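Okay, structure first, notes after.
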Amino acid sequence: MPRNPRSSSALSSHFQAPPYEPGQSSLSRARRFAPASSNDGASRQSTPAVPITRASTATSGSIQVSRPSITISGRKSRASNRSSALGTDDQQTVICAVGEARGVCPSVGLALVNISLGEAVLSQICDNQSYVKTVHKIQMAHPSRIIFMSSSCPPNKDSVLFSLVDELIPEADIELLDRAAWSESDGLEYIQNLAFESDIDPIKVAIQGKYYCISSLAAHTFTINFAPHSLRIKYRPSEDTMMIDISTLQSLEIVQNLEKRKSKASLFGLLNQTKTPMGSRMLRNNIIQPPTKYDTFIGPRLEALEELTGAEEMFHATRKALENFKDIERMITISNKCTIIHVEEQINHVILIKTFLESIKELYQALIGCKSALLLKIRDICDPDMTDPILTDICKVIEDDVTFMKSPLDMRNQRTYAVRAGINDMLDVSRQTYKELTEEVHLHVSDVEAQYKIRPTLKYENGRKYWFHIKLGDLPATTLPRAFINVVQKKDHIQCQTLPLVKLNFRLSETSNEVVMRSDKIIQELLVEVRRSAPQLFRVCESVALVDMMTSFAHLATIRDYVRPEFLGTLALKAGRHPILDNIMFEDFVPNDYYATPQHTFHIVTGCNMAGKSTYIRAVALLQIMAQIGCFVPAEYASFPVVHSLFARVSLADNLQANLSTFSLEMREMAFILRNADDKSLVIIDELGRGTSPRDGLSLAIAMSEALIQSKCLVWFATHFTDLIDVLNDRPGVLSLHLASERSTSEDGEPRLAMLYKAKAGAVDPSQHYGIDLARSMGFPENFTKRAEEVAIELRRQREANWQDSESRRLMARRKLVLNLYEALQQANEHGSDEALPGYLRRLQEEFITQMDALEIS
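Using this note's numbering, read the sequence shown as starting at 224 and increasing by one per residue.
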């Protein structure tokens, strides 16, 4: 892979963690208002939705189809760590329809519809018999409801996929529909009628021949209502992202801290320096599913990040411009309901969109002068000339000085006066009435103050509208006059109202509702125009989210002195640091080196308790994720391969809900890893086999290690089983490391054990009993530690006596030395410089001769 690739690929391929196929563009949103058709503006009637099936009824803005369905109720509620592991504080409603091939080949189609963000994601997965990719895809989406075919589920048929989903995703409700709901023709018609008109042809090209995901989309016809051309549809292949299972996300604290959910001590908490909710969502999606295409995703992001870190003025201007953007990904969603609350929301949404569009010019100005292909593409999409027509259409209807407000009273006033005067005479009359009633409220406050010698403060909230806030110290008497009602006494003040104020609140609410409903017809006509520009709006949203994520990386890389990683097929880190602990400890953290190639894949890490083994092996996994999402990493030099799956077995917890002990859970997770790990996987294992007897634990550790060595995946294996090193040390591809520590004695004669937290080559010294030394430093009685040391020495002597030298062992060691020499020469040929190469080759020759002589002597 080239060291510094340049790419000018389309920006749309960078927006989501799971990539799109070439030629595909993003589409749009669910649940929109249909165009208004009422005459007086006080009420409206939705236009008919486009019929999707022959059974649909085109009499309202929704599709209503009567189909037999079964909702599986009474499922045993089981606590799950999945929500915590995924960090799903930003609640979203996702419905998943699953279509499965009837034949032997397990091809699965998924249609994931996110109601909150208004998008449909289609995937067709060629899976194995254990459905690993399918279950992982559904878990990452975190659906609230999953739809299956009734004919392929119990009691009609035993389905492995259904059983796995039922067991591993217990929080989701499962609904069964007839097989007739999965229709390819209906799915294609769904796309034709609901996708944006400009995106229909690209999405049809992307899904050509993918029957199961198309038919799964058709199943949503019976569960969700959409207005015509209002749904953003994407096809997302499952092969272009790194697979990180739920237990790995949790145990490595990738999204959330294990101890405190609100803590920032996680990878997501560290990297999330974003200014917008869209940027935060994009960062989270990338962290849980990092991209695996270098030329399309990783390389262009690194180029953009390098430019941002080197151009201080552009970086600060971009960060400042991002502060003005509001979250309109949710706001562009248009509901098909016409209650007062939903109409008010639509007015608020239009105001938000207006504020968002007014902020684009500043971001465009901040990016002037950028040179990287990704930033150039973002700037082109955010060109005000492209978005000003949308803003102009909005400003023809909405007052220029209307901006998004947060307080309830300001929001009500903004909704009341949002539409320009002179468009609708009856609307202007209603607003005049609203103004006069508001003045009456303030006059009433003055009357109360004059009559009762009380100085009330007028407050407002959505529930009880206007009310009085009176400090206890301002009361002339110990009790309030009887004219005050709805009295609530707090610690230092009283909340209350008067009957005239309640009546004014009622009249104001009625007038406000009348204003809103009369504004509705005008707003709906405006939304029809905005809807035509929705694809452009979403491209801008995605551009803002991406540049927000990149500036978040740039902010962290600047203040923490991170370096740009290379992707050369070799994992090589000089002075690499655990990103979370480095952020907490800063200069006190001890960096370490890492090295792995296709010829050196299995690393056995030993050392004393508390020496830093777990931190050492977890750091490499977190740094790999950071590099693949396009972020710089904490190191002096960094090179990575592209990893397609990440596995970790590091947790010590049991699972009481699943009735699994620590060892049972460990074996189940290791079985999952052994089935799915390959030469493009990174595996982190911490203390395998400690949950059972030492003999069985060592035997299992050796057997599983041999299987992982044969799979050629990159493995960091932390263990206290020193016999594991004796068995595997001569195998090709195995490297032994240990976390160093020092023994010393204090001035008063007390033993001390100092942890150096530094990884060094070779195994721990077998003559050093680190566990006993640690127990001695913790204050155990001397007679106890002395006896323990005597037993340890005797056991080691017996083991060494039984270990017989053999010619086969020497032969294996010689073969390993030759393989190591071959790889070193290969690396020197590919990456060595002409100046350093002669000296390096001489040192390599001397080391090889010395090691071969040592083998002959032994």
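For glycine and all other residues, C-beta sits at the position ideal for the given N, C-alpha and C.
Treat the numbers as computed from the prediction; the structure is a model and nothing was measured.
Option in the options with minimal Cα separation from residue i
i: residue 672; options: 546, 707, 732 and 366; result: 707
i: residue 578; options: 594, 998, 551 and 597; result: 551
i: residue 715; options: 695, 339, 814 and 510; result: 695
i: residue 361; options: 333, 376 and 484; result: 333
i: residue 542; options: 947, 777 and 1054; result: 777
i: residue 750; options: 454, 570 and 444; result: 570
i: residue 407; options: 443, 366 and 610; result: 443
i: residue 847; options: 399, 513, 1057 and 318; result: 513
i: residue 798; options: 785, 792 and 790; result: 785
i: residue 851; options: 470, 939, 524 and 414; result: 524
i: residue 938; options: 945, 929, 944 and 946; result: 929
i: residue 642; options: 573, 483, 424 and 396; result: 573
i: residue 824; options: 933, 1011 and 420; result: 933
i: residue 736; options: 563, 717 and 609; result: 563
i: residue 501; options: 831, 817, 771 and 1037; result: 771
i: residue 458; options: 897, 952 and 439; result: 439
Where the alpha helix (DSSP H) through residue i begins and ends
i: residue 436; result: 434-442
i: residue 473; result: 469-474
i: residue 322; result: That residue, residue 322, is in no alpha helix (DSSP H); its beta strand (DSSP E) goes 317-323.
i: residue 401; result: Counting along the chain, residue 401 falls outside any alpha helix (DSSP H), and DSSP gives it neither H nor E.
i: residue 343; result: Here residue 343 belongs to no alpha helix (DSSP H); instead the beta strand (DSSP E) covers 342-349.
i: residue 538; result: 535-545
i: residue 884; result: No alpha helix (DSSP H) contains residue 884, which DSSP labels as neither H nor E.
i: residue 357; result: 355-364
i: residue 511; result: 500-511
Residue i, DSSP secondary structure in three states
i: residue 950; result: helix
i: residue 1065; result: helix
i: residue 670; result: helix
i: residue 892; result: helix
i: residue 914; result: coil
i: residue 395; result: coil
i: residue 1052; result: helix
i: residue 872; result: strand
i: residue 230; result: With a pLDDT of 39 at residue 230, under the threshold of 50, the predicted position of this residue should be treated as unreliable, though the coordinate-derived value follows. It is coil, neither helix nor strand.
i: residue 429; result: helix
i: residue 798; result: strand
i: residue 865; result: coil
i: residue 785; result: coil
i: residue 767; result: helix
i: residue 621; result: strand
i: residue 495; result: coil
i: residue 1074; result: helix
i: residue 482; result: coil
i: residue 776; result: helix
i: residue 452; result: coil
i: residue 636; result: helix
Residue i, buried or exposed, once every other Cβ within 10 Å from all chains shown has been counted against 16
i: residue 1062; result: exposed
i: residue 322; result: buried
i: residue 665; result: exposed
i: residue 1020; result: exposed
i: residue 1001; result: exposed
i: residue 1072; result: exposed
i: residue 320; result: buried
i: residue 268; result: Summary for residue 268: the model assigns pLDDT 37, below 50, so the residue's position carries little reliability; its value from the coordinates is reported in the next sentence. Per the 10 Å Cβ criterion, exposed.
i: residue 809; result: exposed
i: residue 539; result: exposed
i: residue 919; result: exposed
i: residue 1004; result: exposed
i: residue 729; result: exposed
i: residue 649; result: exposed
Start-to-end residues for the beta strand (DSSP E) that takes in residue i
i: residue 408; result: It is not in any beta strand (DSSP E) - residue 408 instead sits in the alpha helix (DSSP H) that spans 407-417.
i: residue 337; result: 330-337
i: residue 830; result: 825-830
i: residue 568; result: Premise fails: residue 568 lies in the alpha helix (DSSP H), 563-581, not in any beta strand (DSSP E).
i: residue 904; result: 904-909
Any C-beta of chain B under 8 Å from that of residue i
i: residue 329; result: Among the chains in the structure shown there is no chain B, since it carries only a single protein chain.
Note down, one range per segment and in chain order, each alpha helix (DSSP H) of at least 4 residues found wholly within the segment 688-757. 722-755
Enumerated in chain order, which unbroken segments of the alpha helix (DSSP H) with a length of 4 residues or greater are wholly contained in the segment 957-1006? 993-1000
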